[in-house]
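Asker: For the sequence shown, this note's numbering gives the first residue as 156, with consecutive numbering after it. Quick one: the structure is below, questions incoming.
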Amino acid sequence: AFPGKSILASNWGLAENLYKVPDELIEICNVIHQDSTDTDESPKAAMDFDLIVLMGQYDPSIELTLAYSDVSFLASQVDNENFAEQYPPGMQSQMHIYRVLREGQMIDGMEFAGALAWTDTDYVVVRRDFPLMDYLMTQRCEKMYETETYCILKYVEE
């Protein structure tokens, strides 16, 4: 027996495509790329934790706001009361995004929207039943597309 949790335990079915990743991930990537063709830059997305590792492997052209290593570090610092004094603004923005998407904490004011702007994040991908969906909508995120499991939101600057 192997330690850990099988990816199949995360409700992902067997891959039916050549890349051996869930078809839903390919759908998410296609939607983001189709929407981002208007800009010269690569799209950047903050994603549900279950997608981060697979996204980095399947489509590295979509830059991740929080990579797997970022999430691991931020998890170790989430209770650090001096985080804001110890780390630069970019990392503080990542912590705001982590707290909302991973910890399910609402942040006062427009701090989450500010964090998305600071990190140049274009998209937020969360589960359709994400408990803070209404909060995301108050943070300049607009629903753009839904898959069977996920919702892709686009960050809209003022």
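Glycine included, C-beta positions come from ideal geometry on N, C-alpha and C.
Within 10 angstroms of the Cβ of L173, are there 16 or more other Cβ atoms? Answer buried if so, exposed if not.
Answerer: Numbered from 1 along the sequence shown, position 18 holds the residue referred to as residue 173. Burial call: exposed.
Asker: Would you be able to state if there are at least three C-beta pairs under 8 Å between the segment 262-279 and the segment 188-201?
Answerer: yes
Asker: Closer than 7 Å by C-beta to Q260: which residues in its own chain qualify, once you throw out the five before and the five after it? Chain order, please.
Answerer: Translated into the one-based positions of the sequence shown, residue 260 becomes position 105. Excluding sequence neighbours, Q260 sits near R254.
Asker: Among S231, F204, C306, which one has its Cα closest to the Cα of T220?
Answerer: Your numbering for residue 220 matches position 65 in the sequence shown. Per the C-alpha coordinates, the member of S231, F204, C306 positioned closest to T220 is F204.
Asker: For the segment 280-289 against the segment 299-311, do three or more pairs of beta-carbon atoms, one drawn from each stretch, fall closer than 8 Å, so that the two count as touching?
Answerer: yes
Asker: Just the Cα atoms here: how many angstroms apart are S147 and M288?
Answerer: With the chain represented from 156 up to 313, any question about residue 147 goes unanswered, as that position is not in the structure.
Asker: Identify the continuous alpha helix (DSSP H) that holds Y213 and give its terminal residues.
Answerer: The sequence position of residue 213 within the sequence shown is 58, counting from 1. From DSSP, the alpha helix (DSSP H) with Y213 extends over 204-213.
Asker: Closest to Y290 by CA distance: which of V186, E266, E236 is it?
Answerer: On the sequence shown, position 135 is the one that residue 290 refers to. Here the closest residue by C-alpha is E266.
Asker: Anyone know if the C-beta pair for Y223 and A272 falls short of 9 Å?
Answerer: Mapped onto the sequence shown, residue 223 falls at position 68. Mapped onto the sequence shown, residue 272 falls at position 117. It is not a contact, given that the beta carbons lie outside the stated cut-off.
Asker: Can you tell me whether I217 is helix, strand or coil according to DSSP?
Answerer: The residue labelled residue 217 in the question sits at position 62 within the sequence shown. DSSP places I217 in coil when its eight states are reduced to three.
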